[in-house]
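**Q** Top line first, the protein sequences correspond to chains A and B.
Here the first sequence is numbered in numbering that gives the first Met the number 0, starting from 0 and rising by one per residue.
Here the second sequence is numbered in numbering that gives the first Met the number 0, starting from 0 and rising by one per residue.
Below are the structure tokens for one structure; questions will follow.
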Amino acid sequence: MSLSENIGEATINGLAYLGSLAQLTGGAAKAVFAGPFQGKGMNYARSVHQAMAVGIEALPIASLISFFIGLILALQSAYELRRLGALQLVASAVAVSMSRELGPLMTAIIVIGRSGSAFAAEIGTMKVNEEIDALHTMALEPVHFLVAPKFLAMILMLPCLTTWSDFMGVLGGSLFGVTNAGFTLGSYIRTTLDALVMRDIFTGLVKSLMFGVVITAVGCQEGFTTGLGSEQVGRSTTSAVVKSITLVVVVDLVFTALFYFTAPR
Amino acid sequence: MASHLIPKSESDEKPAGAAIAVRDLRVKYGEREILHGVNFEVPSGATLVILGGSGSGKSTLLRTLVGLERPSSGEIWIRGKDFAALSGAERDHLLKKMGMSFQQGALFGSMTVGDNVALPLREHTELDESTIGIIVRLKLDQVGLSGFENYKPAQLSGGMKKRAAIARALAMDPEILFFDEPSAGLDPIIAAGIDELILKLKKAFRMTIVVVTHELASAFLIADRMIVLDKGVIVANGTMAELRDSQHPRVRQFLDRIPEPELAAEIDYLQMLTGETPPQRR
Chain A
0 MSLSENIGEA TINGLAYLGS LAQLTGGAAK AVFAGPFQGK GMNYARSVHQ
50 AMAVGIEALP IASLISFFIG LILALQSAYE LRRLGALQLV ASAVAVSMSR
100 ELGPLMTAII VIGRSGSAFA AEIGTMKVNE EIDALHTMAL EPVHFLVAPK
150 FLAMILMLPC LTTWSDFMGV LGGSLFGVTN AGFTLGSYIR TTLDALVMRD
200 IFTGLVKSLM FGVVITAVGC QEGFTTGLGS EQVGRSTTSA VVKSITLVVV
250 VDLVFTALFY FTAPR
Chain B
0 MASHLIPKSE SDEKPAGAAI AVRDLRVKYG EREILHGVNF EVPSGATLVI
50 LGGSGSGKST LLRTLVGLER PSSGEIWIRG KDFAALSGAE RDHLLKKMGM
100 SFQQGALFGS MTVGDNVALP LREHTELDES TIGIIVRLKL DQVGLSGFEN
150 YKPAQLSGGM KKRAAIARAL AMDPEILFFD EPSAGLDPII AAGIDELILK
200 LKKAFRMTIV VVTHELASAF LIADRMIVLD KGVIVANGTM AELRDSQHPR
250 VRQFLDRIPE PELAAEIDYL QMLTGETPPQ RR
């Protein structure tokens with residue numbers, strides 16, 4: 000096969016994959032938003048269970064990593080800012096970097112590792128054990144039964160988790176600010192709040208919402224396309240993590256560019 | 000000869016009276032056709048056993064009957080409707096009248112046995128939890144699993160998993176029950192227990208039962224009628240007595256447990272090893 004044929008085939012496969020993700024997302028969104036009006040109510044207990052797993056149980060690790068990321072950001076910014084004599088800007092640098100970029104991205108990566116992989120493993124194992132077939136024979140639609148609760152939990156919890164991560168990042172930055180840049184905790188927080196505009200928070204949350212959609216779609220799609228045999232579940236899980244991280248970064252780039260070019264000047 | 004057992008095309012006959020009527024059913028995986036125009040009927044309240052070797056298409060037939068595979072052509076008449084052509088709510092309605100017990104049970108590992116049985120009731124009915132609890136205990140009692148509702152499937156033995164799967168299949172009081180290899184992988188005593196359970200269900204509820212198996216002893220015990228599939232074609236279809244008297248070579252080979260003949264010649268064997276041609280039987 001020639002190089003151009005390879006590129007063509009890869010492009011078609013890539014587009015088909017994106018199409019399957021869109022179809023899955025559409026099915027889940029329909030079940031979540033339209034289902035209740037069509038007499039097909041969601042089982043919210045399953046969504047709450049998923050929300051606990053996706054959001055609440057991720058709080059300790061998300062807090063720890065975000066705190067450290069905030070501290071690292073402060074140290075890295077201070078390195079340059081000190082030379083310019085603008086060490087007091089460290090609070091603003093941490094706040095904007097965390098809320099616009101690193102908060103959403105790092106939280107998404109944590110959630111991919113914890114939940115995206117778990118979605119793929121859970122659905123993949125169910126596929127291998129004929130549990131997905133069993134759902135079909137019981138007239139239960141797997142997208143409605145399995146994907147919709149995960150979708151709802153993810154689009155609600157990832158923005159919440161991101162907001163918390165932003166806060167923990169600021170707290171991490173404040174450790175440096177208070178000990179090395181002449182801030183008190185109160186003045187650091189005040190400076191942070193002054194530096195942030197609504198748009199910073201909003202762009203971060205919109206991105207985290209889109210990341211949630213991507214993580215759910217990729218995790219579930221990889222689960223549904225698991226081949227026969229238990230070793231395939233491992234492959235699906237790995238594939239879910241790799242594809243989710245790639246797509247999250249792509250979506251991040253698209254939305255960052257979008258926000259940049261639509262920003263008021 | 001058993002030519003009288005080989006089904007004729009029944010396309011012109013009305014499927015009334017039969018619980019299931021299958022007409023010229025063809026199923027393809029990609030370009031490969033697995034079922035080549037299958038015709039048969041299952042009388043209401045009867046137990047049909049689909050017998051066949053590995054690769055005969057019997058599992059594909061069962062998966063198509065329960066809606067897991069879409070036929071490339073043909074009809075599956077159930078309760079006066081062509082199940083193969085239905086979609087949406089009508090299809091779901093018919094699916095709720097059917098129960099399926101999978102080969103490995105296919106119980107949801109994250110749920111208890113009781114929750115597995117309760118699932119279709121919770122999803123498809125407005126019954127309150129106390130009523131669902133009563134039905135769950137009743138269904139588990141019917142399959143001999145009283146007191147196991149709080150166990151996880153992983154805590155059950157192979158035979159108990161199959162019984163739990165049958166209880167789940169029974170949850171919605173189906174009119175037709177499908178079994179995929181109910182005794183596969185079980186010791187003879189447990190397998191006999193499953194056969195007995197199938198007979199009990201048939202007698203107690205007058206259910207129409209379709210069983211896919213390759214276990215001859217089990218098949219002859221539970222079946223009213225039997226079809227023998229070979230390479231995607233029905234080679235025999237009749238009552239137990241008719242099948243026993245059948246002289247069709249493939250049926251005889253299966254019933255008398257005669258192994259496949261050796262490859263015709265050394266050259267065939269060599270070609271098979273080198274992958275030049277598929278093995279040809281004498």
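All C-beta atoms in this analysis are idealised placements derived from N, C-alpha and C, irrespective of residue type, glycine included.
Quick caveat, the model's predicted, so the values are computed rather than measured.
Cβ of residue 106/B within 8 Å of Cβ of residue 167/B?
**A** The count along the second sequence starts at 1 and reaches residue 106/B at position 107. The count along the second sequence starts at 1 and reaches residue 167/B at position 168. For residue 106/B and residue 167/B, yes; Cβs fall inside 8 Å.
**Q** Out of 74/A, 208/A and 105/A, which one is the CA nearest neighbour of residue 173/A?
**A** Locating residue 173/A in the first sequence gives position 174, where the first residue counts as 1. Nearest option by C-alpha distance: 74/A.
**Q** Is the Cβ of residue 3/B closer than 8 Å to any Cβ of chain A?
**A** Mapped onto the second sequence, residue 3/B falls at position 4. Any reading at residue 3/B must be qualified, since the residue scores a pLDDT of 41, below 50, and its modelled position is unreliable; no value is offered.
**Q** In whole angstroms, what separates the C-alpha of residue 347/B from that of residue 179/B?
**A** Past the edges of chain B, shown from 0 to 281, lies residue 347/B, and the structure says nothing about it.
**Q** Kindly say whether residue 107/B, judged by its beta-carbon, lies nearer than 8 Å to any beta-carbon of chain A.
**A** In the second sequence, the residue the question calls residue 107/B occupies position 108. Taking Cβ atoms only, chain A reaches closer than 8 Å to residue 107/B, which makes this a yes.
**Q** Which residues in chain A sit within 9 Å of residue 119/B, going by Cβ to Cβ distance?
**A** By one-based count along the second sequence, residue 119/B stands at place 120. Correct list: 137, 138 and 139.
**Q** Name the two residues that bound the continuous beta strand (DSSP E) containing residue 176/B.
**A** As a first step, residue 176/B is located in the second sequence; it is residue number 177 there, counting from the start. Note, residue 176/B: beta strand (DSSP E), 175-179.
**Q** Are the C-beta of residue 129/A and some C-beta of chain B separated by less than 8 Å?
**A** Translated into the one-based positions of the first sequence, residue 129/A becomes position 130. Closer than 8 Å to some Cβ of chain B, the Cβ of residue 129/A qualifies, so yes.
**Q** From what residue to what residue does the alpha helix (DSSP H) around residue 150/B run?
**A** Your numbering for residue 150/B matches position 151 in the second sequence. Taken as a continuous stretch (DSSP letters only), residue 150/B belongs to no alpha helix (DSSP H), as it is neither H nor E.
**Q** Tell me which residue opens and which closes the beta strand (DSSP E) that residue 229/B is part of.
**A** As a working note, residue 229/B is residue 230 in the second sequence. From DSSP, the beta strand (DSSP E) with residue 229/B extends over 224-229.
**Q** Which term fits residue 245/A, buried or exposed, when burial requires 16 or more other beta carbons within 10 angstroms of its beta carbon?
**A** Along the first sequence, one-based indexing puts residue 245/A at 246. Residue 245/A is exposed by the Cβ-count criterion.
**Q** Should residue 217/B be labelled buried (16 or more other beta-carbon atoms within 10 Å of its own) or exposed?
**A** Residue mapping note: residue 217/B aligns to position 218 of the second sequence, counting from 1. Flag for residue 217/B reads buried.
**Q** Of the residues 260/A, 128/A, 53/A and 2/A, which one's Cα is nearest the Cα of residue 154/A?
**A** For the purposes of this step, residue 154/A is taken as the residue at position 155 of the first sequence. Residue 154/A has its Cα closest to that of 53/A, out of 260/A, 128/A, 53/A and 2/A.
**Q** Using the Cα positions of residue 2/B and residue 160/B, report the straight-line distance between them to the nearest angstrom.
**A** As a first step, residue 2/B is located in the second sequence; it is residue number 3 there, counting from the start. As a first step, residue 160/B is located in the second sequence; it is residue number 161 there, counting from the start. Note on residue 2/B: pLDDT 40, under 50, position unreliable in the model; the coordinate value appears next. Their Cα atoms are separated by approximately 40 Å.
**Q** Counting only runs that start and end within the region 112-195 of chain A, where is the alpha helix (DSSP H) found for 4 or more residues in a row?
**A** With a minimum length of 4 residues, the continuous alpha helix (DSSP H) runs that stay inside the region 112-195 of chain A are 116-127, 130-136, 147-179 and 184-194.
**Q** What separation, rounded to the nearest whole angstrom, lies between the Cα atoms of residue 214/B and residue 246/B?
**A** As a first step, residue 214/B is located in the second sequence; it is residue number 215 there, counting from the start. As a first step, residue 246/B is located in the second sequence; it is residue number 247 there, counting from the start. So the alpha carbons of these two residues sit roughly 20 Å apart.
**Q** Are the CB atoms of residue 24/B and residue 73/B within a distance shorter than 8 Å?
**A** On the second sequence, position 74 is the one that residue 73/B refers to. On the second sequence, position 25 is the one that residue 24/B refers to. Yes.
**Q** Is any beta-carbon of chain A found at less than 8 Å from that of residue 172/B?
**A** What you label residue 172/B is simply residue 173 of the second sequence in a count that begins at 1. Closer than 8 Å: no.
**Q** Is there a Cβ of chain B sitting closer than 8 Å to that of residue 247/A, yes or no?
**A** Position 248 of the first sequence holds residue 247/A. Chain B contact via Cβ: absent.
**Q** Taking residue 30/A and residue 143/A to be in contact with their CB atoms under 8 Å, please state how far apart those CB atoms are, rounded to whole angstroms.
**A** Stepping through the first sequence from its first residue, residue 30/A is reached at position 31. Stepping through the first sequence from its first residue, residue 143/A is reached at position 144. Right, their Cβ atoms sit about 4 Å apart.
**Q** Return helix, strand or coil for residue 12/A, following the three-state DSSP convention.
**A** Position 13 of the first sequence, counted from the start, is the residue given in the question as residue 12/A. Residue state, collapsed to three classes: helix.
**Q** Using a beta-carbon distance below 8 Å, is residue 101/B in contact with chain A?
**A** If you number the second sequence from 1, residue 101/B lands on position 102. Closer than 8 Å: yes.
**Q** Could you say if the region 156-175 of chain A and the region 185-193 of chain A meet the contact criterion of at least three C-beta pairs nearer than 8 Å?
**A** Cβ pair count under 8 Å is three or more, so yes.
**Q** Flag this pair as yes or no: are the beta carbons of residue 152/A and residue 62/A separated by less than 8 Å?
**A** To locate residue 152/A, count along the first sequence from 1; it is residue 153. To locate residue 62/A, count along the first sequence from 1; it is residue 63. In this structure, residue 62/A does not lie closer than 8 Å to residue 152/A by Cβ.
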